[in-house]
Amino acid sequence: EADIYQTPRYLVIGTGKKITLECSQTMGHDKMYWYQQDPGMELHLIHYSYGVNSTEKGDLSSESTVSRIRTEHFPLTLESARPSHTSQYLCASTPAGPRNYGYTFGSGTRLTVV
Amino acid sequence: AQTVTQSQPEMSVQEAETVTLSCTYDTSESDYYLFWYKQPPSRQMILVIRQEAYKQQNATENRFSVNFQKAAKSFSLKISDSQLGDAAMYFCAYRELGGSARQLTFGSGTQLTVLP
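As you go down the protein sequences, you meet chains U and P in turn.
Using the numbering used here, the first residue of the first sequence is number 116, and each one after it goes up by one.
Using the numbering used here, the first residue of the second sequence is number 6, and each one after it goes up by one.
Here it is, written out as C-alpha cells:
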C-alpha cells in the first residue's frame, strides 16, 4: 500500500482551465518533490520543498506553482492549462536527514490538455 | 553537478535468463547513495535496491544484485531468473548526502522487456 497519494490518477481538461494536482503523504516526511515525466520517460524535477512554507523551483522550468501549508500536503497548480502541459506528474517524498533511503513515489497523475 | 547516464534505452531478456542493466555516474563526492528504481507500465515507481558508496560489498535483494565499481563510477543492476513481472522501466539514481533537499538525480531509464 502506498503511503503517498496522488489524485486524480487521470485528467483530461480543456485549454485555459485551472487545475490542481493533489499529493498527500502520511509518513511525516519533510521533503517533497514534483517530477514531470515526458513521453520518453525521463524524469525532470520541477518543484521541491524542504518543509512547511518552503518551496523551490527544480531543474525544469514549469509554469506550475506549488504550496506547502501542511507537512503532508504538496499540491501543484496550473492557472491556465495548455497542450504543452500534457504529461505525467509524479509526486515523491523523503524524510529529512543525511542518511535516508531514497524516495517514496505516488502513482502519478496523467494529465492531458486538449 | 552530478549526472547519471544509462546508455541502454531498451533491453530484452528471455524469461528465466539473466540480464544486466548499465549505469554510470559522475560526482566529486566520496560518500553518496545509489539506487535502482522500477516503474511498471501505468504503475507506481518502486525502489528495487540501494547501495551506500562507503560499503564495498555489493548490495543484493533476492534476484536483484548490483555491481558497484566506485573507481569507475559504475553501478549496474543484474536481474537473475528474469520473470514476466520484471518488465518495466528501470531508473538508476544518485543521491548526495547532506541537508540539501535537491538530492536525487535520475538517469534517463532503460525499458526492459521480458520475453516468454
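Cβ atoms here follow ideal geometry from the backbone N, Cα and C, with glycine treated the same way.
Note that the coordinates shown come from a computational prediction; the quantities given were computed from them, not determined experimentally.
- Query: Pairing CB atoms from the segment 112-120 of chain P with CB atoms from the segment 17-27 of chain P, are three or more of them under 8 Å?
  - Reply: yes
- Message: Just checking: is the beta-carbon of P/M50 within a distance shorter than 8 Å of some beta-carbon in chain U?
- Response: yes
- Task: Taking only beta-carbon positions, decide if U/E157 is within less than 8 Å of chain P.
- Result: yes
- Once you ignore the five residues that flank P/R48 on each side, which residues in its own chain have a CB closer than 7 Å to its CB? none
- Do we get a CB-CB distance below 8 Å when we pair U/S222 with the residues of chain P? yes
- Query: CA-CA distance, P/E66 and P/T115?
  - Reply: 19 Å
- Of all the CB atoms in chain P, is at least one closer than 8 Å to the CB of U/Y204? no
- Selection of the segment 77-102 of chain P by Cβ proximity to chain U, strictly under 8 Å: M94, F96, A98, R100 and L102
- 3 or more residues per run - each beta strand (DSSP E) lying fully within the segment 79-118 of chain P: 79-84, 93-101 and 109-111
- Locate the beta strand (DSSP E) running through P/D31, then write down its first and last residues. T29 to D31
- What do you reckon, are the CB atoms on U/H218 and P/L39 nearer than 8 Å? Here the sequence assigns Tyr to residue 218 of chain U, which means His is not the residue at that position. Against a cut-off of 8 Å, the Cβ pair of P/L39 and U/Y218 comes out as no contact.
- Spell out whether any CB of chain P is found under 8 Å from the CB atom of U/G143. no
- Query: Does any CB atom of chain U fall closer than 8 Å to the CB of P/F111?
  - Reply: yes
- Message: Given this structure, state the Cα-to-Cα distance separating U/L160 from U/E137, to the nearest angstrom.
- Response: 17 Å
- State buried or exposed for U/L191, treating a residue as buried only when at least 16 other CB atoms are found within 10 Å of its CB. buried
- Query: In whole angstroms, what is the alpha-carbon distance linking P/T8 and U/I134?
  - Reply: 33 Å
- Item | Range of the contiguous beta strand (DSSP E) that encloses P/L39 | Y37 to Q44
- Task: Flag P/F40 as yes if its beta-carbon sits less than 8 Å from any beta-carbon of chain U, otherwise no.
- Result: yes
- When DSSP labels each residue in this structure, what does U/S199 get in the three-state scheme? helix
- Task: Give every residue of the same chain whose Cβ lies closer than 7 Å to the Cβ of P/Q11, excluding the five residues on either side of it in the sequence, and list them in chain order.
- Result: S27, C28, C97, G112, S113, G114 and T115
- Message: Suppose you measure from the CA of U/S199 to the CA of U/R124; what does that come to, to the nearest Å?
- Response: 19 Å
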